[in-house]
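Chains as they are written, first to last, in the numbering used here: chain A, 79 to 380; chain B, 162 to 341.
The structure appears below as structure tokens.
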Amino acid sequence: MNCEQIEVWISAAQDGELDPRRQRQVEDHLTTCGGCRELAAEWTALESTLRAGLVRFDAPETLHTRVMRQIPEPAAIGRRGSWTPGNWFSFGLVPAGAAAAWMLLVGHPVTSRQPARPSDPPRVSSTVPDPTLNPAESIGTQVSVVKKPPSTDKPASSGNTTGGSERPSLGTKATPSARPGGTNSGSRPKYDPIRGLRQLRQRRRNYRMVQNPPHHRRHWRRNFARDESLRMVKGGRPPVPVQPPTTNERPLRTAKLPRVTIVDYVLPQVPTPTTVADGGAETQFVLRSAQPQQVAQAGYEF
Amino acid sequence: LHGTDDELVAHCLHGRREAFSELVLRHQRMVYSVARAMLGDAHVAEDIAQEAFLHAYRALSSYQAQGKFPAWLRMITTRLCLNHRRDNRREVAWEDLSGHPAEQTDGPESRLGEWEQRGEVRRAIDALPCDFRDVIVLRYMEELSYDEIARHLGVPTSTVETRLHRAKKQLRLLLKETLV
């Protein structure tokens, strides 16, 4: 092995980075070659010079501040599992809020807007004259009298109307329930699950109609919007408002013309115009309007 | 906060910001020195050091606690320096030498020769190509092995060995007067 091949391995051997076999070869060559020993000594001096000259720099004082300024605060990160009131109100009450909204939108008609069913307690309306009013003024006055259902807890003997102070007892008569399943006119009938299910389905259908109107409803709005400002304009451009005339000239026609519809017209029956005057044949139009007199007064010209 | 680097990393992962502050204080000198030695510009080195710490903070969850946090941080810094050099494609000389003896009023006069020799060494290393400079810095300033240098630079170990040999040959010529 010559000196050029050993030269590459000398520094690696000094650093202890060679495998044992090559390390032994380099040591054997250095014992016999004086030039390579001088080169190895130069490498050793160079390494000590480099280690003395290459010292670490002092970090600038602003580096720590700059780094920590970019590190977010732990509160901003938000540790998992923290039970702060902010987290409760931001996430914990979402299902509760959704349930409350559902009850308001769907459940509210069940309790307040549901029409009276035939199985409800009899609400009898009768037309009776109001004794406090003048007979002449009480003509046609309708007074609704609601009769409460007879209580089952109290005996019937206690409901004696001998005092005469209860006005609902005047001329009122409870009608029997029209429900076939009703056993007693005063008692609450059985709940029909089929009817309740239909009502629930209809309620949900109405809710969907409000939230997402179907196609025919949108078409209805587009086709039957008579107002120009409400009519849909292609391209989304609003209608350009009519500007008043800027000149001092008097407008030719101030009266608003009635709306007319051309229902028929007759083509001129001129076979072949021989002169210039014959070419100016008039075309007859038949106009139809809801106000024919105004059409005649306005004087349409074609 | 006290403890090893791995314990501080564990504190950081639990949301303790001051643990990362302690890590920055411990290793900012190493990170800044590597960046400045490889890039040669103080301002760029400070930016790279800041970016290295931020990269490390974002990647703390991927750090495996084996007592090698400085090596992991040095690897990040080295890769950022290589990326910066690749993106800029220009060589920047060391514009100043910190720790001038004239600025140290109570320093002994014997440190003047040491500083001059240090300046000569840095100027000689500055004259090297960037590939040779990297291996010299990582070998003699960071005391890394050939395999570690190869992992940092992304080159084979044989390439590191060759580059070191060629860098030493150039430095021997540049520092002939100093070595004598």
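C-beta: ideal position from N, C-alpha, C; glycine also.
Cα atoms of residue 224 of chain B and residue 304 of chain B: separation of roughly 22 Å, rounded to the nearest angstrom. For residue 331 of chain B, not one C-beta of chain A is nearer than 7 Å to its own C-beta.
The beta-carbon of residue 211 of chain B is placed less than 7 Å from the nearest beta-carbon of chain A. Residues of chain B whose Cβ lies closer than 8 Å to the Cβ of residue 142 of chain A are, in chain order, 182, 185, 186, 189. Shown here, residue 93 of chain A sits in coil according to DSSP, grouped into three states, outside any helix or strand. Under the 7 Å criterion on CB atoms, residue 102 of chain A is classed as non-interfacial with respect to chain B. In this structure, residue 301 of chain B and residue 128 of chain A form a Cβ contact; the two beta carbons are roughly 4 Å apart against a cut-off of 8 Å. Boundaries of the alpha helix (DSSP H) harbouring residue 209 of chain B: 203-219, taken from the DSSP string. The residue among B:326, B:325, B:328, B:307 with its C-alpha nearest the C-alpha of residue 318 of chain B is B:307.
For the pair residue 206 of chain B and residue 193 of chain B, the CB atoms are nearer than the 7 Å cut-off. For residue 310 of chain B, the enclosing alpha helix (DSSP H) starts and ends at 307-314. In this structure, residue 291 of chain B and residue 221 of chain B do not form a Cβ contact; the two beta carbons are roughly 30 Å apart against a cut-off of 8 Å. For residue 144 of chain A, the closest alpha carbon among the candidates B:185, B:332, B:316, B:168 is that of B:185.
Residue environment: residue 83 of chain A is assigned as exposed (fewer than 16 neighbouring CB atoms within 10 Å of its CB, all protein chains considered).
Rounded to the nearest whole angstrom, the C-alpha separation of residue 179 of chain A and residue 276 of chain A is 22 Å.
Taking the C-beta atoms as reference points, residue 310 of chain B is found nearer than 7 Å to residue 296 of chain B.
Note on geometry: alpha-carbon atoms of residue 148 of chain A and residue 123 of chain A lie some 44 Å from one another. Taken in chain order, the members of the stretch 214-243 of chain B whose beta-carbon sits within less than 7 Å of a beta-carbon on chain A are 214, 215, 218. When Cβ-Cβ separations below 7 Å define contact, residue 302 of chain B makes contact with chain A. In this structure, the beta-carbon distance from residue 210 of chain B to residue 141 of chain A falls below 7 Å. Secondary structure note for residue 127 of chain A: its alpha helix (DSSP H) is the uninterrupted segment 112-131. Assigned with DSSP and collapsed to three states, residue 231 of chain B falls in helix.
Residue 100 of chain A is positioned such that its CB atom lies closer than 7 Å to that of residue 87 of chain A. Under the three-state reduction of DSSP output, residue 80 of chain A falls in the coil class, being neither helix nor strand. Relative to residue 227 of chain B, the option among B:199, B:168, B:336 whose CA is nearest is B:168. The C-alpha of residue 163 of chain B is placed about 39 Å away from the C-alpha of residue 248 of chain B. One thing to note: residue 231 of chain B has its Cβ within 7 Å of the Cβ of residue 188 of chain B. Where residue 320 of chain B is concerned, the enclosing alpha helix (DSSP H) starts and stops at 318-335. Close CB contacts of residue 332 of chain B within its chain, under the 6 Å cut and outside five residues either way in sequence, are with 285 (chain order). Its Cα nearest to that of residue 288 of chain B, the residue B:330 stands out among B:330, B:196, B:190. Residues of chain A whose Cβ lies closer than 8 Å to the Cβ of residue 312 of chain B do not exist; the shortest such Cβ separation is about 14 Å. Residues of chain A with a Cβ closer than 9 Å to the Cβ of residue 324 of chain B do not exist; the shortest Cβ-Cβ separation is about 11 Å. When 8 Å is used as the limit between beta carbons, residue 197 of chain B is near these residues of chain A: 135, in chain order.
For residue 129 of chain A, the closest Cβ of chain B is nearer than 7 Å. The three-state reading of DSSP puts residue 280 of chain B in helix, counting H, G and I together.
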